[in-house]
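Report on one structure; see the data block that follows.
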Amino acid sequence: MRKKPKPLKAGAHIRIVAPAGIVNPQKLQRSQDFLTHRGYTVSQGAHVLDQHEIFAGRDTDRVQDLIDALSDPQVDAVIAARGGYGSVRLLPLLDQVDLSHLEPKCLIGYSDITALHAYFFTRYGWITYHGPVMESDWTQENGQMALDVLAGRKTCWLTREMEVLNRPHAPITAPWQGGNLTVLTSLIGTPYFPRLNGTVLFVEDVNEAPYRIDRMFQHLLLAGCLEGIRGIVWGEAVGCGSDADPLTVKQIIHRIALECGIPGWYNFPAGHGVTNWTVPLGQPLTISDDHVLVAGD
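Going by my numbering, the sequence shown wraps up at 427, each residue one higher than the last.
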């Protein structure tokens, strides 16, 4: 059963955690200023600025910051400081703690944070948010859109840049699931891979050659993970080849959509590009040719 966080209210308390890579404090401060200037209270986990190997602290410290944030009744939302790598290392540690008694909180991030989105949905049915991390993406547009979605405001996005590759007969309303393709496929065969049947699969990636993207999709197909999906949405393909390549990401998405007999969309403005719209994962959204509707609370 899906569980949605309470809408984020004005003046809410936001906790920053760093479950993955080492954090740049200057970039973090810019995004923190964006939030405090809009009236939010912002605090940091105890180990956000730690450094251990390539991570923002030891696994045990990073996971404790996350658990503390989710358990603290004074905290309303949890935002990842950055991606990079390291979130997947926290999943077995999270399994050692029962969080089922907690009410879900707005948890937002993308890229490597995909592992946490998958974990909390498969374990507890929590709706989480694929959206900007603190270190890079809280610009005026991305930040304000994230706050609108977290506040539960009805949002309708007109996406003229998005291409329809296999046109739907009618708008599709279904939960969206996914995130970063590389991280998502790395979870195949683990207890943390989300069930995709009945969902619209939303994926994006960065700096991956088209043949590697095709290989990941073939992995999903051969593992039976795409059975019963309602549609496929590809975000921005940043550094993933060019239109001049003999094999392009757009061709791959189109072919997968045709093979699965589902509609496909390409270049939805979310992921590693300049524009990173916030997508509730696990929540039903409505998508048509050029609109995506996030229903309000």
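All residues carry an ideal CB built from backbone N, CA and C; glycine is no exception. Since the structure is predicted, the reported quantities are computational estimates derived from the model, not experimental observations.
Would you mind sorting Met346 into buried or exposed? The rule is 16 or more other CB atoms within 10 Å of its CB.
buried
So, under 8 angstroms CB-CB, Ala148 and Arg212 are touching, yes? Tell me the CB distance rounded to an integer number of Å.
7 angstroms
Spatial neighbours of Cys370 within its chain, please: C-beta separation below 8 angstroms, excluding the five flanking residues on both sides.
Once the five neighbours on either side are set aside, the close Cβ partners of Cys370 are Asp335, Val336, Asn337, Glu338, Ala339, Pro340, Ile343, Val379.
Count the CB pairs spanning the segment 132-139 and the segment 182-190 that are closer than 8 angstroms, and state whether there are at least three.
The count of Cβ pairs closer than 8 angstroms, one atom from the segment 132-139 and one from the segment 182-190, stays below three, leaving the stretches out of contact.
Buried or exposed (CB count within 10 angstroms, at least 16 for buried), Met292:
So Met292 ends up on the buried side.
Would you say Val178 and Ile146 are within 9 angstroms of each other, going by their C-beta atoms?
It is a contact, given that the beta carbons lie within the stated cut-off.
When the Cα atoms are used, what is the spatial distance from Leu350 to Trp395?
18 angstroms
How far does the alpha helix (DSSP H) with Pro399 in it reach, from first residue to last?
No alpha helix (DSSP H) holds Pro399; DSSP gives it neither H nor E.
Indicate whether the contact test is met: 3 or more Cβ pairs, each with one atom in the segment 198-214 and one in the segment 295-308, closer than 8 angstroms.
no
DSSP puts Tyr259 in a beta bridge; with which residues?
Ile238, Pro410
In the DSSP output, what is Leu404 paired with across the bridge?
This sequence places Val at residue 404; Leu is not what is there. DSSP lists no partner for Val404.
Compute the Euclidean distance between the alpha carbons of Gly309 and Gln174, then round it to the nearest angstrom.
25 angstroms
May I have the straight-line CA-CA distance separating Cys236 from Gln381, to the nearest angstrom?
Whole-angstrom Cα-Cα distance: 35 angstroms.
Considering only their Cβ atoms, is the gap separating Val279 from Thr285 smaller than 9 angstroms?
In this structure, Val279 lies closer than 9 angstroms to Thr285 by Cβ.
C-alpha gap between Ile318 and Ala140, whole angstroms
Approximately 39 angstroms, taken between the alpha carbons.
Using the three-state DSSP reduction, which class does Gln204 fall into: helix, strand or coil?
coil
For Ala400 and Leu311, I'd like the C-alpha separation in whole angstroms.
If I take the Cα positions, the gap works out to 13 angstroms.
What residue from Thr171, Gly365, Ile152, Tyr322 has the CA that sits closest to Gln181's CA?
By alpha-carbon distance to Gln181, the top candidate from Thr171, Gly365, Ile152, Tyr322 is Ile152.
Three-state secondary structure (DSSP) of Ser372
coil
Would Val422 pass as a contact of Trp287 if the rule is Cβ separation under 9 angstroms?
Yes, Cβ-Cβ distance for Val422 and Trp287 is below 9 angstroms.
Entirely enclosed alpha helix (DSSP H) segments - the segment 332-397, minimum 4 residues:
340-352, 379-390
Identify every residue that forms a DSSP beta bridge with Lys133.
Note: Lys133 sits in a beta bridge opposite Trp256.
What residues in its chain sit with their C-beta under 7 angstroms from that of Tyr170, if we drop five residues either side in the sequence?
Gly141, Ala142, Ile144
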